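In UniProt numbering, the protein residues as written are 1 to 411.
Have a look at the structure below before the remarks.
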Amino acid sequence: MLYYLMGTTARVAVATGGGAEGTYSKIVFTGWDYGSSGHRATKLKQQNIYYRLQVDLEEERIKKKAASLTQAQKAFLYSARIVLFILALGFIGAAVAGIVFATTFSQTNLDQGVLGLFYEYLPSIVITAANFIVPMLNDQLAPFERYSPSITIILALFRAVFLRLVSLISVLFSLWRQITCDNNTEAANCETCQYNVKTYQCWETRVGQEMYKLTIFDLLINLAMLILVESPRRIVVDNWPNKLTQWVGRQEFVVPNNVLGLVYGQTVAWTGAFFCPLLPLINTLKFILLFYTKRITLFQNCRPALKTFRSTTSSFFFSVILLLGLESENTHVVDVSCFLCRIHPSMACGPFRTFDTMWLVIPTAISKLSQTTQEFLFFIVDQELFLSLYLKCATNYNNIYRNPTVLNSGW
């Protein structure tokens with residue numbers, strides 16, 4: 001569905017040349033919904049058309065202003081953008097360094113009395129703080145980059161996805177270093193069992209605990225934001241009108257950031273599902289609770305977004321970024337596969353303690369099957385057969401979405 005949506009929006013962008021000239025007549029002559037009934041629905045549709053025209057005019061104004069720049073002004077602008085881009089990467093790099101340090105410090109200081117609980121949740125605290133602070137810092141750079149509103153929100157989305165992706169990779173990398181003694185099985189703590197048995201008697205449990213803590217802490221932060229920040233902010237703004245409260249105003253409900261938050265939570269669940277089997281259930285309950293929490297926030301505490309951006313191009317790039325977020329789940333599956341294939345299972349617990357690696361349980365189980373069953377399984381996973389089936393499925397889906405009869409019937 002994402003590929004189909006990306007293809008549809010890309011076709012529109014190409015047909016209009018990426019500009020607004022071809023969309024004015026489309027909005028004016030085909031934008032109105034004659035099925036709208038009632039004052040509220042009509043008013044919302046009028047505001048939507050007004051907003052779309054406003055966005056296109058703003059985009060064209062920025063393009064004309066950019067075209068009127070001199071060569072010296074363009075050189076200064078591009079130089080400033082390069083410097084600010086490097087600065088944004090520096091913010092993300094600093095966040096990654098903080099996450100690695102927090103994870104390492106947390107794993108080596110677990111028995112510190114009252115501070116033990118704080119140390120256990122330190123990586124989750126740092127990741128949440130980074131996901132909150134770094135995008136805000138990058139937003140402060142946006143006015144100086146002087147991109148169009150659509151490009152600005154696309155860059156913000158790319159940076160947010162990249163930050164969330166590398167933050168989880170940093171946690172897994174830090175755990176890998178601690179468990180494998182920096183990938184040195186000849187170290188004193190890893191020489192006996194080929195993993196750090198002194199600190200991690202059951203390292204699988206520790207990895208699952210980290211993913212569990214990330215899930216729970218993310219839920220607690222969302223609830224705390226509703227109770228301690230969003231609702232009090234709305235009450236103050238509505239009941240004590242002055243210059244300061246009017247300048248602050250109600251918060252905006254930013255759809256892309258909230259969707260990326262859901263993708264981040266799903267990625268954490270997929271990463272930790274093997275080590276903590278109940279994590280998908282916990283994550284499902286978390287999403288149900290977050291749905292009603294976000295619903296309250298949207299209808300009670302938020303105002304319409306002040307930033308304008310073109311829906312056509314932004315929808316395409318938002319689909320790309322959402323796809324990248326979903327593909328990050330596959331990236332973390334690869335990370336987990338490294339744990340399964342490279343690290344010796346815990347000898348003190350778990351069903352795989354008799355194997356050298358967890359992966360060996362699969363070929364061992366297959367070898368116990370009958371010869372006919374083994375040949376059938378090897379035939380299924382054959383590369384040529386898999387590629388043929390993939391191409392056949394891709395062709396069928398393409399025919400379905402290109403067939404107007406199928407689309408109009410409810411597909």
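Backbone N, C-alpha and C define an ideal beta-carbon position, used for all residues, glycine too.
Predicted model only: the values in this text are computed from it and were never measured.
Practice problem: Taking P241 as part of the alpha helix (DSSP H), name the residues at either end of that continuous run. | Solution: Residue 241 sits at position 241 when you count from the first residue of the sequence shown. From DSSP, P241 is part of no alpha helix (DSSP H); its letter is neither H nor E.
Quiz prompt | Three-state secondary structure (DSSP) of E59 | solution = As a first step, residue 59 must be located in the sequence shown, where it is residue number 59. Residue state, collapsed to three classes: helix.
Self-check item: For Q209, the first and last residue of its enclosing alpha helix (DSSP H)
Solution: Along the sequence shown, read from residue 1 onward, the residue named residue 209 stands at position 209. Looking at the DSSP string, the run of the alpha helix (DSSP H) that includes Q209 is 203 to 224.
Self-check item: Which of helix, strand or coil DSSP assigns to E252
Solution: Here residue 252 is taken as the residue at index 252 of the sequence shown, counted from 1. If DSSP states are grouped into helix, strand and coil, E252 belongs with the strands.
Quiz item: Exposed or buried, which one is C393 when buried takes at least 16 other CB atoms within 10 Å?
Solution: Taking the sequence shown and counting its residues from 1, the one referred to as residue 393 is at position 393. Per the 10 Å Cβ criterion, exposed.
Quiz item: So what does DSSP say about R177, is it helix, strand or coil?
Solution: Looking up residue 177 in the sequence shown gives position 177. In the structure shown, R177 sits in a helix (DSSP, three-state: H, G or I).
Exercise. Assess, as a yes-or-no matter, whether the region 134 to 149 is touched by the region 78 to 86 under the definition of 3 or more beta carbon pairs within less than 8 Å.
Key: yes
Exercise. Determine the burial state of D218: buried for a count of at least 16 other Cβ atoms within 10 Å of its Cβ, exposed for fewer.
Key: To locate residue 218, count along the sequence shown from 1; it is residue 218. The residue in question, D218, is buried, as its Cβ has 16 or more Cβ neighbours within 10 Å.
Quiz item: What did DSSP end up calling C302 once you bin it into helix, strand or coil?
Solution: The residue given as residue 302 occupies position 302 in the sequence shown. It is a strand residue.
Quiz prompt | Own chain residues within Cβ distance below 6 Å of V268, not counting five before or after | solution = Along the sequence shown, one-based indexing puts residue 268 at 268. Within the same chain, V268 has close Cβ partners M211, L214, T215.
Quiz prompt | Where the alpha helix (DSSP H) through M136 begins and ends | solution = Residue mapping note: residue 136 aligns to position 136 of the sequence shown, counting from 1. Note, M136: alpha helix (DSSP H), 122 to 145.
Quiz item: Which class does K286 belong to by DSSP, given the choice of helix, strand or coil?
Solution: Translated into positions along the sequence shown, residue 286 becomes position 286. Helix, per DSSP.
Exercise. Return yes when the Cβ of Q178 is within less than 8 Å of the Cβ of H344, no when it is not.
Key: Here the question's residue 344 lines up with position 344 in the sequence shown. Here the question's residue 178 lines up with position 178 in the sequence shown. Not in contact: H344 and Q178 (Cβ atoms no closer than 8 Å).
Practice problem: Measure how close the beta-carbons of L163 and V197 come, nearest whole angstrom, since I'm counting them as under 8 Å. | Solution: Residue 163 sits at position 163 when you count from the first residue of the sequence shown. Residue 197 sits at position 197 when you count from the first residue of the sequence shown. Not quite, the Cβ-Cβ distance comes to about 34 Å (not below 8 Å), so this is no contact.
Quiz item: Alpha carbon to alpha carbon, how far is L228 from V28?
Solution: Walking along the sequence shown from the start, residue 228 turns up at place 228. Walking along the sequence shown from the start, residue 28 turns up at place 28. Rounded to the nearest angstrom, the two C-alpha atoms are 44 Å apart.
Exercise. Rounded to whole angstroms, what's the CA-CA distance from S370 to W359? Just pull it up for me.
Key: Along the sequence shown, one-based indexing puts residue 370 at 370. Along the sequence shown, one-based indexing puts residue 359 at 359. The straight-line gap from Cα to Cα measures roughly 20 Å.
Practice problem: Starting from the Cα of L298, find the closest Cα among E60, L281, F253 and give me that residue. | Solution: Indexing the sequence shown from 1 puts residue 298 at position 298. Looking at the Cα atoms, F253 is the closest of the given residues.
Practice problem: Could you tell me whether the Cβ atoms of S167 and A129 are closer together than 8 Å? | Solution: As a position in the sequence shown, residue 167 is number 167, starting the count at 1. As a position in the sequence shown, residue 129 is number 129, starting the count at 1. No, they are not a contact pair.
Quiz item: Under three-state DSSP, which class holds R353?
Solution: Along the sequence shown, read from residue 1 onward, the residue named residue 353 stands at position 353. The answer is coil: DSSP assigns R353 none of H, G, I, E or B.
Quiz item: Are R234 and Q300 close, meaning C-beta to C-beta below 8 Å?
Solution: Counting from one through the sequence shown, the residue named residue 234 turns up at place 234. Counting from one through the sequence shown, the residue named residue 300 turns up at place 300. Yes.
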